[in-house]
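So the sequences go chain by chain: E and W.
Numbering-wise (my numbering), the first sequence opens with residue 14 and increments by one.
Numbering-wise (my numbering), the second sequence opens with residue 12 and increments by one.
Only one structure is covered here, and it is reproduced in the block below.
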Amino acid sequence: MTGAVDLTRIAVPSTDSRALSPVVVVVAALVLVLLVDAVVPGGRRQVRRLLDLIALLGLAGATGAVGWLAVAASRSGGSDRATLCVPGSGTQLPSCAYVSSALTLTLQGLIAVSALVCLLLALDGPGAADRTPHHVLLLAAVAGALALAGARDLVTLIVAFETASLPVIGLVALRRDAQGGQGALSLLLTAIASLGVLAIGAALLLLATGSLQLDRIALTLAEPGLARPVRVVAAVGLLLAVAGVAFKLSLVPFHLWTPDTYAGAPLPVAAFLAVVSKAAALAAVVILVGVGLPGLAGVWAPVLGVLAVLTTTVGNLVALRQQVAVRLLAWSTVAQAGWVILPLAGVSTHAAGAVSVVGVSGVRAAVAASVGYLVAYSAASLAVFGVVILLARHLPAGEEHTLADYRGLARREPVAAAVLGLGLACLAGLPPGVMGLVAKLLAVRPVVDAGAWPIAVAAAVNVVLGLVYYLRWAALLVAPAQVEPPTWRVKPAEGLALGVGAAACIGLSVLPQLIAGVVPSVLR
Amino acid sequence: MTNPPDLVGSWALATLVVLPMTAGVLLLSVRRIGERLAAELGTAAAAATLVIALLAAVTAAPFGRTVPGLGLDVSWIPALGVRLHLGLDGISAPLVVLTALLGLLVCWHVLRIRPPAGRIQGLVACFLFVEAGAIGTFLALDLVVFFVAFETVLIPMWFVISRWGDDEQPVDAPIGATPIPGGEAARRDAANRFILYTALGSAVMLLGLLLIALRSGTTDLVALAYRGGAGMSVTVQTIAAGLVVIGLAVKAPMFPFHTWLPPAHTIAPTGGSVLLAGVLLKMGTYGLVRVVVPVVPAGLHRIAPILGALGVAGILWGGLACFVTRDLKRLIALSSVAHMGFVLLGVASMTPEGLQGALFANVAHGLITGLLFLVVGAIKDRHHTADLRLLGSGLRDRLPRLGWLLAFGAIAGLGLPGLAGFWGEVLAIAGAWQPGSAMGGASRPLAVLAAIGTAVAAAYLLRMLRSLWHGPAPVADPNAIMSGPIMGDVSTHEVAVLAPLVVLTVALGVVPGILLGVTAGAVRLLLTGGTP
Numbered sequence: 014m015t016g017a018v019d020l021t022r023i024a025v026p027s028t029d030s031r032a033l034s035p036v037v038v039v040v041a042a043l044v045l046v047l048l049v050d051a052v053v054p055g056g057r058r059q060v061r062r063l064l065d066l067i068a069l070l071g072l073a074g075a076t077g078a079v080g081w082l083a084v085a086a087s088r089s090g091g092s093d094r095a096t097l098c099v100p101g102s103g104t105q106l107p108s109c110a111y112v113s114s115a116l117t118l119t120l121q122g123l124i125a126v127s128a129l130v131c132l133l134l135a136l137d138g139p140g141a142a143d144r145t146p147h148h149v150l151l152l153a154a155v156a157g158a159l160a161l162a163g164a165r166d167l168v169t170l171i172v173a174f175e176t177a178s179l180p181v182i183g184l185v186a187l188r189r190d191a192q193g194g195q196g197a198l199s200l201l202l203t204a205i206a207s208l209g210v211l212a213i214g215a216a217l218l219l220l221a222t223g224s225l226q227l228d229r230i231a232l233t234l235a236e237p238g239l240a241r242p243v244r245v246v247a248a249v250g251l252l253l254a255v256a257g258v259a260f261k262l263s264l265v266p267f268h269l270w271t272p273d274t275y276a277g278a279p280l281p282v283a284a285f286l287a288v289v290s291k292a293a294a295l296a297a298v299v300i301l302v303g304v305g306l307p308g309l310a311g312v313w314a315p316v317l318g319v320l321a322v323l324t325t326t327v328g329n330l331v332a333l334r335q336q337v338a339v340r341l342l343a344w345s346t347v348a349q350a351g352w353v354i355l356p357l358a359g360v361s362t363h364a365a366g367a368v369s370v371v372g373v374s375g376v377r378a379a380v381a382a383s384v385g386y387l388v389a390y391s392a393a394s395l396a397v398f399g400v401v402i403l404l405a406r407h408l409p410a411g412e413e414h415t416l417a418d419y420r421g422l423a424r425r426e427p428v429a430a431a432v433l434g435l436g437l438a439c440l441a442g443l444p445p446g447v448m449g450l451v452a453k454l455l456a457v458r459p460v461v462d463a464g465a466w467p468i469a470v471a472a473a474v475n476v477v478l479g480l481v482y483y484l485r486w487a488a489l490l491v492a493p494a495q496v497e498p499p500t501w502r503v504k505p506a507e508g509l510a511l512g513v514g515a516a517a518c519i520g521l522s523v524l525p526q527l528i529a530g531v532v533p534s535v536l537r
Numbered sequence: 012m013t014n015p016p017d018l019v020g021s022w023a024l025a026t027l028v029v030l031p032m033t034a035g036v037l038l039l040s041v042r043r044i045g046e047r048l049a050a051e052l053g054t055a056a057a058a059a060t061l062v063i064a065l066l067a068a069v070t071a072a073p074f075g076r077t078v079p080g081l082g083l084d085v086s087w088i089p090a091l092g093v094r095l096h097l098g099l100d101g102i103s104a105p106l107v108v109l110t111a112l113l114g115l116l117v118c119w120h121v122l123r124i125r126p127p128a129g130r131i132q133g134l135v136a137c138f139l140f141v142e143a144g145a146i147g148t149f150l151a152l153d154l155v156v157f158f159v160a161f162e163t164v165l166i167p168m169w170f171v172i173s174r175w176g177d178d179e180q181p182v183d184a185p186i187g188a189t190p191i192p193g194g195e196a197a198r199r200d201a202a203n204r205f206i207l208y209t210a211l212g213s214a215v216m217l218l219g220l221l222l223i224a225l226r227s228g229t230t231d232l233v234a235l236a237y238r239g240g241a242g243m244s245v246t247v248q249t250i251a252a253g254l255v256v257i258g259l260a261v262k263a264p265m266f267p268f269h270t271w272l273p274p275a276h277t278i279a280p281t282g283g284s285v286l287l288a289g290v291l292l293k294m295g296t297y298g299l300v301r302v303v304v305p306v307v308p309a310g311l312h313r314i315a316p317i318l319g320a321l322g323v324a325g326i327l328w329g330g331l332a333c334f335v336t337r338d339l340k341r342l343i344a345l346s347s348v349a350h351m352g353f354v355l356l357g358v359a360s361m362t363p364e365g366l367q368g369a370l371f372a373n374v375a376h377g378l379i380t381g382l383l384f385l386v387v388g389a390i391k392d393r394h395h396t397a398d399l400r401l402l403g404s405g406l407r408d409r410l411p412r413l414g415w416l417l418a419f420g421a422i423a424g425l426g427l428p429g430l431a432g433f434w435g436e437v438l439a440i441a442g443a444w445q446p447g448s449a450m451g452g453a454s455r456p457l458a459v460l461a462a463i464g465t466a467v468a469a470a471y472l473l474r475m476l477r478s479l480w481h482g483p484a485p486v487a488d489p490n491a492i493m494s495g496p497i498m499g500d501v502s503t504h505e506v507a508v509l510a511p512l513v514v515l516t517v518a519l520g521v522v523p524g525i526l527l528g529v530t531a532g533a534v535r536l537l538l539t540g541g542t543p
């Protein structure tokens, strides 16, 4: 047996570091934080500020890299940068594990900005001794999420997904109390179980199509003469993969970890879970079904439709009974997750002979609507969470405060109350939250186009269910109060985070084109 | 090349919406404004809006051209094909002027007569937001812009009802029972019913609007009216018409989706009730005429019998329910359901006379019911109750001018010839009687029932007058809540607020051509699909 390996036969993927730059910047910041902590230990204020600065610069740098890539892509006429490619052999085209397309850049931009706002909200909170673990875990999760947005093969997808999920478990436990530990444990168990299911799903897809690359999978499944057993195996693999990813989006019935984890985590981490984790989860779903499996839309569209309706309804019904602010927000995010997934139910298949053909434009429109709703939901959630965090920092009840503590806030802190009211109106979908109204319109549009009337009517009913508790909360802001709510001076980081959230809500309400036209080009 | 007058005219339309909106935002953001100054600012903004509305209406005349006289058309959401398209034509101009007038009157009313809950800043701001949203709805010529403006009025109106609503227990209570103060639960319940019903209807309407937009490929109402339903199959049109009508029926209100209306009208403060009846209800029926009749005519043709039947059911039910109600505000609210039934009957007939009658009845109802709510509000302020049994009789002797105004309002409400209410009802019934009516074989029976409804309206209104206006003035009754009015007869300010409504009611009754001439051309265009 010869010991030499023939290097010309091994397919070494090429790396385009510029395409990977958002991920690399965040990882570099992460390493730097660890280095600084190792070299200069101790909780001195300057060191903490330095760590904060490194983390902020890392996320800002990632945002800048995404912006730069977007500008470069638009200048070069929309060609995508791809990296980690496997060369084609025979009839197969080269296929890349990481593609920086318009979809990728949109999701990455959203994730980076949202993570930046969550970090700003976390800076002034309690837990100064935990700076390093907090920043490291946050940056690791963000790096995973950014990589997930660009993943185009199953292995990269799974690895990035886990990188985006597991550090968050540590973040949840940072309060170092029993409730935090319980929340972290329930998230951990759900994540591990889901990883197993996701791995089996990916394995079945490999079995059915012979490839892990999503574009090759799509090509295989689009062949006209596909044998039925192959389709069945691929469909089962798809369903298991979606089930493995669904927990991160809090889709029913994989949502049971949500209330305990949100209540046990520090509030900025809850905001991170609500916004960044959901963005990463949607990225995984959209890439799986939109890029890899449009041919099986007849399978996943009804399933996602049922999940969307269940999730929205359950989330709204349970939220109606919540009195603790953070628990209400947890269930509200469950309901909103249903809305995020709703457009994907609206992919219609029409029979062309013996084979059902999916309109690719239908998949593209549905994905664009999903991502657009996600952008609107993120902006509104960050605004609401920002004000909730501010109030929690100045109340004796802290993060367990109830809705009654918001009574009369409009008289004491009008700006914060206005931001909260605007965020709630956006989540509810009524003016002055025009952004939310357009987002809901955007989400329901593919469903109406596909003619899925039961789902559409259920969504319409859920608009009203959500309105009940959002309006009840907003009304408390102007209600007369027996106990005066606190007033405060806003710290710069908190003010910046609130300002970004409010500006996003107002800006997107005036120019809804930014959420409707957010993913214009072909799905890659 | 756009001529300078056109440019000015187009931006006048945007100003009609932006001005009240900005004034409302200002009133909410500036913290320490005295109550009087806040009301004065609101009144000034509303007066400016009315002046601009009148100027715009005059500039946009003559109505009846294919393209609305004044228009604003800029791109808003290119990805969905939505343009910010505003326009003023023969159907929307009277409603815009009516809304601006009612907005001015309620702000002016609040200047002197303030609800006990205080915080007038917020109340006037909410009135202005409702006015802006309603004007936006009437000006919108794009489906999505229409929907956004339609929803804008919900949250401000919710606050008006729940924060500034009446305190006393409004529902019929046994004689001698003291009114329960602090009825926050009742206010909250009425406000919630209003917003949840209406939001559910709007969400269903959204599905219909999206269906129309997706199947026809455009959201522009002018283009959709021009097509007249071409490109959409009859089934699609019927589904779309059904969905949109359900949504608008909640707002109109149409029997049996009207149950939110009596509590909301009864508990709302006077200005809130006037806006609810005079503005919000108009948005529902306006939507029918603007969005359903020209865009999905075949679909509306299929459901017209149901629409007409439910309209007539509302006329009769509203009238009969008025016989058993003892609360004066609730009586006026139920009469609104009856009046709107005529509008729905006119729309369902889909004939020129019917539509003209519907539009006329729309405006007339706004004037008359606005007048009645202001008068009833004055009565309630003086007696601290609106219960007919407790109010006593002999208003004609105790408070002659107020009694005269109440009698005028009641007689206008029952449709006496010579006052505005008559023409709307007559034309709606005439439209239903036409052989070309879309309700088919059911048209004539429904027209007969509607005519019987006018007799029922006369009955309950005259009964109310007999028990309240006629009769001897009561002697001091130890069981009664009040032994005499606290305040005197109507003040000059109150008469000034009511005067425009009285004058317009008489003017439209004697010279209906003012309004009929304005709407005639536009109605013709609606029914013939935009080709003159």
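Backbone N, C-alpha and C define an ideal beta-carbon position, used for all residues, glycine too.
Alpha carbons only, please: which of 83(E), 80(E), 82(E) and 45(E) is nearest the one belonging to residue 65(E)?
Selected option, being the one with the closest Cα: 45(E).
Cα separation between residue 195(W) and residue 452(E)?
Cα to Cα, residue 195(W) sits roughly 33 Å from residue 452(E).
Just the chain W side, please: which residues come within less than 7 Å of residue 462(E) by C-beta, in chain order?
Ordered by position in chain W, the residues that pass the 7 Å Cβ test against residue 462(E) are 225.
Per DSSP, cross-strand counterpart(s) of residue 269(E):
DSSP output for residue 269(E) lists no bridge partner at all.
Is the segment 194–202 of chain E touching the segment 213–224 of chain E, taking contact as three or more C-beta pairs under 8 Å?
Counting C-beta pairs with one atom in each stretch, the segment 194–202 of chain E and the segment 213–224 of chain E have fewer than three that are closer than 8 Å, which means they do not touch.
In the DSSP output, which residue or residues are listed as bridge partners for residue 86(W)?
For residue 86(W), which the question treats as bridged, DSSP gives the partners 94(W).
By the criterion of Cβ-Cβ separation under 7 Å, what are the contact partners of residue 173(W) in chain E?
Here the neighbours are 488.
What residue range is occupied by the uninterrupted beta strand (DSSP E) comprising residue 111(E)?
That run of the beta strand (DSSP E) goes 108–113.
Between residue 154(W) and residue 236(W), which are expected to be in contact by the criterion C-beta below 8 Å, what is the C-beta distance as a whole number of angstroms?
Wrong, their Cβ atoms sit about 12 Å apart, outside the cutoff.
According to DSSP, simplified to helix, strand and coil, what is residue 226(E)?
Residue state for residue 226(E) is assigned as strand, using DSSP reduced to three classes.
Per DSSP, what kind of secondary structure is residue 144(E) in: helix, strand or coil?
If DSSP states are grouped into helix, strand and coil, residue 144(E) belongs with the helices.
Assigned exposure category for residue 158(W) - 16 Cβ within 10 Å defines buried
Around the CB of residue 158(W), 16 or more other CB atoms lie within 10 Å, so the residue is classed as buried.
Checking contacts by CB at 8 Å: is residue 146(E) closer than that to chain W?
False, the Cβ-Cβ gap to chain W never drops below 8 Å.
Taking residue 357(W) and residue 438(W) to be in contact with their CB atoms under 8 Å, please state how far apart those CB atoms are, rounded to whole angstroms.
Right, the Cβ-Cβ distance comes to about 7 Å (below 8 Å), so this counts as a contact.
Taking residue 277(W) as part of the alpha helix (DSSP H), name the residues at either end of that continuous run.
272–278 is the extent of the alpha helix (DSSP H) around residue 277(W).
So which of 334(E), 107(E) and 378(E) has the shortest CA-CA distance to residue 529(E)?
Ranking 334(E), 107(E) and 378(E) by Cα distance to residue 529(E) puts 378(E) first.
Interface residues of chain C around residue 165(W) at Cβ under 7 Å?
The chain inventory of the structure shown lacks chain C, comprising the protein chains E and W.
Status (buried if at least 16 other CB within 10 Å, exposed otherwise) for residue 539(W):
With fewer than 16 Cβ atoms within 10 Å of its Cβ, residue 539(W) is classed as exposed.
Starting from residue 99(E), trace the beta strand (DSSP E) in both directions and tell me its first and last residue.
Residues 94–99.
Out of 272(E), 301(E) and 291(E), point me to the one whose CA is closest to residue 543(E)'s CA.
Only positions 14 to 537 of chain E appear in this structure, which leaves residue 543(E) out of reach.
Check whether the segment 327–347 of chain E and the segment 388–402 of chain E touch, using three or more Cβ-Cβ pairs below 8 Å as the test.
With the cut-off at 8 Å, the segment 327–347 of chain E and the segment 388–402 of chain E touch.
Cβ atoms of residue 457(W) and residue 450(W): under 8 Å apart, would you say?
Yes, Cβ-Cβ distance for residue 450(W) and residue 457(W) is below 8 Å.
At least one CB of chain W closer than 8 Å to the CB of residue 288(E): is that the case?
Cβ-Cβ to chain W under 8 Å: no for residue 288(E).
To the nearest angstrom, how far is the alpha carbon of residue 9(W) from that of residue 537(W)?
Residue 9(W) is absent from the model: chain W starts at 12 and stops at 543.
Alpha carbons only, please: which of 107(E), 170(E) and 412(E) is nearest the one belonging to residue 117(E)?
It is 170(E) whose Cα lies nearest to the Cα of residue 117(E).
CB-CB length for residue 288(W) against residue 384(W), believed under 8 Å
Yes, residue 288(W) and residue 384(W) are in contact; Cβ-Cβ is about 6 Å, under 8 Å.
What are the residues of the segment 512–527 of chain E that lie near chain W, defined by any Cβ-Cβ distance shorter than 7 Å?
Flagged, chain order: 525 and 526.
Give me the Cα-Cα distance between residue 28(W) and residue 63(W), rounded to the nearest whole angstrom.
Their backbone Cα atoms lie some 11 Å apart in a straight line.
Starting from residue 132(W), follow the alpha helix (DSSP H) in both directions and report where the run begins and ends.
For residue 132(W), the enclosing alpha helix (DSSP H) stretches over residues 131–150.
Of all Cβ atoms in chain W, is any one closer than 8 Å to the Cβ of residue 357(E)?
No, its Cβ sits nowhere closer than 8 Å to a Cβ of chain W.
Measuring only the C-alpha atoms, how far is residue 435(E) from residue 208(E)?
One Cα belongs to residue 435(E), the other to residue 208(E), and the distance between them is close to 38 Å.
Cut-off 7 Å between Cβ atoms - residues of its own chain near residue 36(E), not counting five sequence neighbours on either side
156, 159 and 160.
Mind listing, in chain order, the continuous alpha helix (DSSP H) runs of no fewer than 4 residues lying wholly within the segment 292–347 of chain W?
Listed in chain order, the complete alpha helix (DSSP H) runs (minimum 4 residues) inside the segment 292–347 of chain W are 292–298 and 308–335.
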